[in-house]
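Asker:
In this note's numbering, the protein residues as written are 1 to 478.
(1) Going by beta-carbon coordinates alone, are residue 341 and residue 231 separated by less than 9 angstroms?
(2) For residue 247 and residue 26, what's the separation of their Cα atoms in angstroms?
(3) For residue 309, which residues from the same chain have a beta carbon less than 8 angstroms from its beta carbon, with the 5 sequence-adjacent residues on both sides left out?
(4) Within the same chain, show all residues whose beta-carbon is closer than 6 angstroms to that of residue 338, passing over the 5 residues directly before and after it, in chain order.
(5) With burial defined as no fewer than 16 other Cβ atoms inside 10 Å of the residue's Cβ, what is the status of residue 385: buried or exposed?
(6) Which two residues bound the contiguous beta strand (DSSP E) that contains residue 105?
(7) Mapping the DSSP letters down to three states, classify residue 74 as helix, strand or coil.
(8) Find the nearest neighbour of residue 444 within the set 455, 399, 456, judged by alpha-carbon distance.
(9) If I measure Cβ to Cβ from residue 15 and keep anything under 8 angstroms in the same chain, skipping five residues before and after, which residues do I get?
(10) Closest to residue 214 by CA distance: which of 327, 164, 424, 311 is it?
(11) Leaving aside the five residues before and after residue 93 along the sequence, list all residues of the same chain whose C-beta is less than 8 angstroms from its C-beta, in chain order.
(12) DSSP three-state label for residue 171, please.
(13) By DSSP, does residue 428 sit in helix, in strand, or in coil?
(14) Identify which residue in 351, 402, 174 has its Cα closest to the Cα of residue 81.
(15) Considering only the alpha carbon of each residue, which of 150, 163, 79 lies closest to residue 115?
(16) Exposed or buried, what is residue 433 when buried is set at 16 or more other beta-carbons lying within 10 Å of its beta-carbon?
(17) Can you confirm whether the region 288–298 touches the region 253–272 when touching is taken to mean that 3 or more C-beta pairs between the two stretches lie within less than 8 angstroms?
(18) What are the boundary residues of the alpha helix (DSSP H) that includes residue 188?
(19) Where in the region 229–301 do unbroken runs of the beta strand (DSSP E), each at least 3 residues long, occur, reported from the N-terminal end onward?
(20) What separation, rounded to the nearest whole angstrom, lies between the Cα atoms of residue 20 and residue 301?
(21) Between which two residues does the alpha helix (DSSP H) harbouring residue 355 extend?
(22) State the CB to CB distance for the pair residue 167 and residue 11, rounded to an integer number of angstroms; the pair is presumed to be in contact (CB under 8 angstroms).
Following this line, the structure appears as structure tokens:
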């Protein structure tokens, strides 16, 4: 399971500059965040790398020094274009140009002082094709971090919520590495911000969707302690592999044919039940069957105790479920966790279709106003009491429908790959869109997990079992 990603290249990084809003539209002020934004589990950076092929403006044989000379034209240099677009979009998303700081009560605030976003330009001495367009680089975090950079926080001022690096390659292709605080945006909000930057880069004077702050709409209102925990933390299953710092990151490719076969198997399990085929569409969705499989696979890999409880948490977008709904343009965290609880024995031994139905039901009840606002109250209680369901719970986010790669064209075509750089949380699992350079994965899913090293071989064995019999290539790992 050791990674052998190509590291025979070097990157020359220039000095960091602070990109400020291109014009001032508001005076310095402080903004508060929502209860969801203040969730301690979101105190991480959402790190992504957008990969763009050359549009043939540059010769594919030139070295990066020649690239420097030929990109003096600001209209054809991706770094210059993106820097200007960033400056323009910060006029509308001005909180991202400020500083984020935690207060004495543990809550975050944004000082909107227009100090600017740290921005760095780098040159790689290779072609993107030699790195397979960064396909699979996410399992080698040390190498992936070459396309991002860390900017130190200030003990007095706080930290920057956004950091951007543009890396140019000898072929004329480039990458955009963004580190965005998850306390400020969720995936939908990040996608909205990036699309706005693309629109301004194309010459528009303002984004088609105006950003909305209004974090007060998602603030807990019930008194602390009034909400009950979903499950007693003491009743959760334990693993012999935890706690540990010896972890591995992995990305498993599951193609469309494998998912189709899994769905058919679960439909057969449910013959005579209410699960059926209607107008050509299966009642159990791709998400539900794949999630059920991953949940069970993780249980087996972690060797969780069968007589205790296992907790599944699904991030559910609530933008259009609230009544009244959140305003269009809201880019803060707008999701709650839908929860499902099963004993380890039921998860491991009952038909997988039963687990898929449990997941379907938890999606339904989590979309009501009552559930959403009670979850806000629970989050506030957990924050105040410093309670976190870490490691044992499976926390899953489906990122395929967030629009992370749609309409993200700066003039070089859309991104051919989108890389997620994982954090070191063994409770997280993400469903990610496939690499556009791999036609065999059309309609498929990339499954990102982080697990204890001792658990990863069994999880890989479970995921390999999903592959259709005719597929003999090594497509289990990205």
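Every residue, glycine too, gets a C-beta built ideally from N, C-alpha and C.
Answerer: Working from what's here:
(1) Here residue 341 refers to the residue found at position 341 when the chain shown is read from its first residue. Here residue 231 refers to the residue found at position 231 when the chain shown is read from its first residue. Yes; because the gap between Cβ atoms is below 9 angstroms, this pair is in contact.
(2) The residue given as residue 247 occupies position 247 in the chain shown. The residue given as residue 26 occupies position 26 in the chain shown. Spanning the two alpha carbons is a distance of roughly 45 angstroms.
(3) Position 309 of the chain shown, counting from 1, holds the residue named residue 309. Closer than 8 angstroms at the Cβ level, and outside the excluded window around residue 309, lie 231, 235, 236, 237, 341, 342, 343, 344.
(4) By one-based count along the chain shown, residue 338 stands at place 338. If we look at residue 338 and ignore the five residues flanking it on each side, its Cβ neighbours are 314, 316, 362, 363, 366.
(5) The residue labelled residue 385 in the question sits at position 385 within the chain shown. When all chains shown are included, residue 385 counts as exposed.
(6) By 1-based counting over the chain shown, the position of residue 105 is 105. Annotation for residue 105: no beta strand (DSSP E) segment contains it, and DSSP assigns it neither H nor E.
(7) Taking the first residue of the chain shown as 1, we reach residue 74 at position 74. Bear in mind that the predicted position of residue 74 carries a pLDDT of just 45, short of 50, making it unreliable; the figure below should be weighed with that in mind. Residue 74: coil per DSSP, three-state reduction.
(8) By 1-based counting over the chain shown, the position of residue 444 is 444. When only C-alpha atoms are compared, the closest one is 399.
(9) The residue labelled residue 15 in the question sits at position 15 within the chain shown. Hits under 8 angstroms: 120.
(10) Locating residue 214 in the chain shown gives position 214, where the first residue counts as 1. Nearest C-alpha to residue 214 among 327, 164, 424, 311: 327.
(11) For this step, residue 93 is matched to residue 93 along the chain shown. Contacts found: 193, 196, 211, 331.
(12) Within the chain shown, numbered from 1, the residue matching residue 171 stands at position 171. DSSP places residue 171 in coil when its eight states are reduced to three.
(13) For the purposes of this step, residue 428 is taken as the residue at position 428 of the chain shown. In the displayed model, residue 428 falls within a strand according to three-state DSSP.
(14) Reading the chain shown from its first residue, position 81 is the one you call residue 81. If we check each option's Cα against that of residue 81, 174 comes out closest.
(15) Indexing the chain shown from 1 puts residue 115 at position 115. The alpha carbon of residue 115 has as its nearest neighbour, out of 150, 163, 79, the alpha carbon of 163.
(16) Your numbering for residue 433 matches position 433 in the chain shown. Label assigned to residue 433: buried.
(17) yes
(18) Your numbering for residue 188 matches position 188 in the chain shown. Note, residue 188: alpha helix (DSSP H), 187–201.
(19) 247–254
(20) Against the chain shown, residue 20 aligns to sequence position 20. Against the chain shown, residue 301 aligns to sequence position 301. Taking the straight line from one Cα to the other gives about 47 angstroms.
(21) Along the chain shown, one-based indexing puts residue 355 at 355. Residues 352–365.
(22) For this step, residue 167 is matched to residue 167 along the chain shown. For this step, residue 11 is matched to residue 11 along the chain shown. About 6 angstroms separates the two Cβ atoms, so the contact holds.
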